[in-house]
Every structure is written in structure tokens, then in C-alpha cells.
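For reference, the structure is listed below as C-alpha cells.
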Amino acid sequence: MNFSKAGRKRMGNGGSEMYSFSQNMYREDIGQWMSPYWCAKRLLQELNIIEVPIQPREIARQLGIWVWEREIEGGYDGYLMRVGNTFGIMVNRAIKSEARKNFTIAHELGHYEFDRHKKLQRVCLIKESDSLYENKQEEQQANQFAVELLMPREIFIADMNKQEEVGLIAIDALAKKYCTSLTSTAIRYARFSPHTCAVVISEEGRIKYFAYSKAFSADENCYLIKDMLLHIGSYARRLFDNNLVDEEFYGEVPISYWCKSNSDGMLFEQSRSLPRFKQVLSFIWLNRKMQHNAAEAQQLMLF
């Protein structure tokens, strides 16, 4: 893209907007403008989309992108292709979850937004269960775009703060409203939560991936380690020991069961089995009220 010239003009819902770039635009401003957050937000604004759930198929239609479903070998989720000036998104018909199909289409729309000036045919070389943990930069960028598109940041945070419950109950409600997967919604929830909390994805009895709130990151007692073996006393470990037969366990456990910490405090753990992916999703929450009550009880024992 030549940033010294006027940018694109796109029609949407009978309206149009012109985005232009000046020759003197700072490099960091350009980087911010092309970030997944701003690209997704700009697209929603251009198409005048203000309500959830976001419909990625309708977005593709408004952009003139064809969407097909067919069996794709190798377990790939989908791919973006271009023939002449026509773009298309192929989605693997074998995907059962509509939320997963939505994410796949949104992911490929991300590639379209970032790479639409290239003649390409891109195949997502990631399996369904691995897509959220992809390390390849361009795939990670497309994943971030998909998340920002399907769960617009400002709307999502407002809805999250309206939830009366904390944890998986709230996450379930948000996933239903946004038509998104439990895992992607949980990660979004943890990152923007005002609580001292984290979401942990475990596989084969070890921590595979985690996302946490700013408050969790700032707390000296909260330090998670990737690939760490789950503590034998954690509810997540219990689910693995029972071969993921049980659906969910929850309760208070010592902070040291999850974090590298010398604290003798407690946290709330809510773990749910994901047998389809042979994983466990855990929501851990350092409830300050719970900590205060525990400290009071300890003081009473001294008298």
C-alpha cells in the first residue's frame, strides 16, 4: 500500500467514508492504524455495524467475497483465495460448531484486510484446537483481527461489566450472546476483566496457554508458568485424572497450586473439561474479599 496517496473508499449500507494517509504520517501511527484492533474497528464502522452478534458471512457478502463450504482434507479450517479481482473464502464443512465457522471466516477476512493487494491463495495450516495459540506472525495477526471483529472491544467490555456473576457463568453468557467459542470468549474476558483473574488452558496435565487481567499481572503472588505440571490438588488435575469424564469442578485452592508464589492465601478455581480437544479450561480468581475473610479468620485463631 502506498501511504502517500489517498487510501481506500468503500461503500457500506448506502454510505461511504474516505480514509487518507499523509506523506508526513509517523511510522508508529501507520502501525497503529494497521493494527488488528483498528482494522476490525474501521471495517465495522465502514459497514455501519453496531449490534452483536457480528455476522462474518454478511460482512463478506458486503465486501463482495464469496463464502463456500466443502470438505477440506488435512483438517484445515479454511482458506482465502483470489481469482482475478474476485475473492472467496472456503470453509471446511466438517467443522461442527457455528462459532468455529464464524471465527474461520473472520480469520480469513483478516487476511483479506491485511493482504488484499496481493495475488494469493492462503491455506490456514493450523488445526481447529491450535488456532488460538498460533505463533506465526501473520496467522496470529489474523486471529487477533477475528477476535476484535467478533467481539468488538468497547461493546464487549460494556457487556462484561454488566454480568452479575464472575467466571465461567459470565463467560458462558457472553459466548452465547456473541456466538463465539468458550475458549476465545474466556481469553477475551480474562484480558479485560477488572478482577485479579486468569484463564488457563491445560493439555496432558500441563499448562499450555494462559491469559490474564492487568490486576493479575500486577499482583506479586500471581505468576503462571507455561508447561508447568498441574498440581495434584488442583481441580483441573482431578479432571485429567478422571479422564475428562466429569464436566466441571470448582472451589477454593491455595494460590501455590497454580502460581509460583510463597503466599499461603487462597484463590477460587473453576475448571471445565473440553473432551473434544482433550483439554481443561480453568478460570482462577484471586477474590480480595475471600482473602480478607481468610486473614480475619487467621487473626482470630491467634487469640
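In the working numbering, the protein residues as written are 3 to 305. We put the CB at the ideal spot given by N, CA and C, even for glycine.
Count the other C-beta atoms from every protein chain shown that fall within 10 angstroms of the C-beta of Gln-47, then say buried if there are 16 or more, exposed otherwise.
Along the sequence shown, one-based indexing puts residue 47 at 45. So Gln-47 ends up on the exposed side.
Helix, strand or coil: how does DSSP classify Arg-274 here?
As a working note, residue 274 is residue 272 in the sequence shown. DSSP places Arg-274 in strand when its eight states are reduced to three.
I want to know whether the segment 138-148 touches the segment 109-119 - three or more CB-CB distances under 8 Å.
The segment 138-148 makes contact with the segment 109-119; the number of CB pairs closer than 8 Å reaches 3 or more.
For Asn-87, does the count of other Cβ atoms within 10 angstroms reach 16, so buried, or fall short, so exposed?
As a working note, residue 87 is residue 85 in the sequence shown. It counts as exposed.
Neighbour-count burial assignment, Lys-103, 16 or more Cβ in a 10 Å radius
Start at 1 with the first residue of the sequence shown, and residue 103 comes out as number 101. By the neighbour-count rule (16 or more Cβ atoms within 10 Å), Lys-103 is buried.
Residues in its own chain within less than 8 Å of Ile-227 by CB, not counting five upstream and five downstream?
Residue numbering aside, residue 227 sits at position 225 when the sequence shown is read from its first letter. Answer for Ile-227: Ile-209, Lys-262, listed in chain order.
What whole-angstrom Cβ distance do Phe-105 and Ser-186 have, given they're in contact under 8 Å?
Translated into positions along the sequence shown, residue 105 becomes position 103. Translated into positions along the sequence shown, residue 186 becomes position 184. Yes, they are in contact, since the Cβ atoms of Phe-105 and Ser-186 sit about 7 Å apart, within 8 Å.
In the structure shown, what three-state DSSP assignment does Ala-200 receive?
Taking the first residue of the sequence shown as position 1, residue 200 is located at position 198. In the structure shown, the three-state DSSP call for Ala-200 is strand.
Using CA atoms only, rank isn't needed, just tell me which of Ile-286, Ile-74, Glu-206, Cys-224 is closest to Ile-173.
Taking the sequence shown and counting its residues from 1, the one referred to as residue 173 is at position 171. The closest CA to that of Ile-173, considering only Ile-286, Ile-74, Glu-206, Cys-224, is found on Ile-286.
Apply the 10 Å Cβ neighbour rule to Leu-288 and answer buried if 16 or more other Cβ atoms are within range, or exposed otherwise.
To locate residue 288, count along the sequence shown from 1; it is residue 286. Buried.
Tell me which residue opens and which closes the alpha helix (DSSP H) that Gln-1 is part of.
Absent from the model: residue 1. The displayed extent of the chain is 3 to 305, so no value can be given.
Cα-Cα, which of Gln-57, Met-153, Arg-59, Gly-235 is closest to Tyr-39?
Here residue 39 refers to the residue found at position 37 of the sequence shown. Ranking Gln-57, Met-153, Arg-59, Gly-235 by Cα distance to Tyr-39 puts Met-153 first.
Touch test, the segment 222-239 against the segment 187-204, Cβ-Cβ under 8 Å, three pairs minimum:
Note that the segment 222-239 touches the segment 187-204; at least 3 beta-carbon pairs, one per stretch, sit closer than 8 Å.
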